[in-house]
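Each remark here refers to the structure printed beneath this line.
Numbering (our numbering), first residue to last: 10 to 226.
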C-alpha cells in the first residue's frame, strides 16, 4: 500500500479510505496509530479532493470559467512516472538481464527496477556533477543543495586532470536514514563498471520490514 501511494503521489480519498478500512478490519484497530505514523512520514497519504479551477477568459475580462477538474479525469503523471522515464529506472520489457554477469544495476531487483539513489550517483559520476539532472533531483526533494568542487587532498586543483586514473578516484556516498543491501550491491556494480573506489557511509542498514516495523504501535 505504501509503494502504491508513493508512486502515485498519494491515493484518491476513496482508495485511501477503502484500503485503510480493509486493513484495520483484517489486522485490528490498534493500527490506527500505524496509519498516523505512515501519514506523518509521507508513506501512505491521500491527495486532496480536486477543487474547481478558475480560468480567466482572454481579453482581460473579469469573467471566469469554472472547470470541475475532478469530473474531467485528465491524465496526470506522478513524480515517480516522470523520474522513471527521465532516469530510465525501469528497463524496457523484453530485455534479458544475466544475473551472473550483469550489465546494468537493475540486476539487484532481477532486472525489474534500478534503485533511484544509485542511478543518481551514476549520473553524477558520468556528468561530473548535477548538471542536467537538477529538475529530476528537485522532484525528489525541495532541499537540493549546491555542487562544490573541492581541492584534491593531494594538492591538485578542482576538476584537474592529474587524478584521471580511476584507481585514484574515490566516490563517497552518504545515506542519511539508512541504506539497503540492494543499494550497496548496485554501488559495488558501479565501482566495477567505472573503476572507481566507492566508500559507502550510512546511519543504518535497513530493510523494508525493519523500516515499517518502526511505525507499528
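No residue lacks a Cβ here, since even glycine has one placed at the ideal position from N, Cα and C.
These figures come from a predicted structure and were not determined experimentally.
| query | result |
| --- | --- |
| With a CB to CB cut of under 6 Å and the five nearest residues on each side skipped, what residues in its chain are close to residue 199? | 131 |
| Could you tell me whether the Cβ atoms of residue 93 and residue 54 are closer together than 7 Å? | no |
| So residue 210 is in the alpha helix (DSSP H); what residue range does that whole segment cover? | Not the alpha helix (DSSP H): residue 210 falls in the beta strand (DSSP E), residues 206-211. |
| Can you round the beta-carbon distance between residue 20 and residue 91 to whole angstroms, since I take them to be within the 8 Å contact cut? | Actually they are not in contact, since the Cβ atoms of residue 20 and residue 91 sit about 18 Å apart, beyond 8 Å. |
| Who pairs with residue 123 in a beta bridge, going by DSSP? | Answer by DSSP bridge pairing: none, since residue 123 is not bridged. |
| Mind checking residue 225: buried by the 16 CB within 10 Å criterion, or exposed? | exposed |
| Would the beta-carbon of residue 96 fall within 7 Å of that of residue 137? | no |
| Apart from the five residues just before and just after residue 25, which ones in its own chain have a Cβ nearer than 6 Å to its Cβ? | 55 |
| Pull up the CB-CB distance for residue 187 and residue 222, whole angstroms please, since I reckon it's below 8 Å. | Not a contact, Cβ separation roughly 13 Å. |
| Alpha carbon to alpha carbon, how far is residue 16 from residue 87? Give it in angstroms, no decimals. | 7 Å |
| Closer than 6 Å by C-beta to residue 11: which residues in its own chain qualify, once you throw out the five before and the five after it? Chain order, please. | 52 and 53 |
| So residue 197 and residue 184 are supposed to be a Cβ contact under 8 Å. How far apart are they, rounded? | About 14 Å separates the two Cβ atoms, so there is no contact after all. |
| Whole angstroms is fine: what's the gap from residue 40's alpha carbon to residue 47's? | 10 Å |
| CB-CB under 7 Å to residue 29, same chain, minus the five flanking residues each way: which ones, in chain order? | 44 |
| For residue 117, tell me which candidate among 103, 189 and 35 has the shortest Cα-Cα distance. | 189 |
| On the criterion of 16 or more Cβ atoms from any shown chain inside 10 Å, does residue 217 qualify as buried, or is it exposed? | exposed |
| When you compare the CB positions of residue 203 and residue 142, do they come within less than 7 Å of one another, or not? | no |
| Leaving aside the five residues before and after residue 220 along the sequence, list all residues of the same chain whose C-beta is less than 8 Å from its C-beta, in chain order. | 187 |
| When you compare only the Cα positions, how much space is there between residue 57 and residue 22? | 7 Å |
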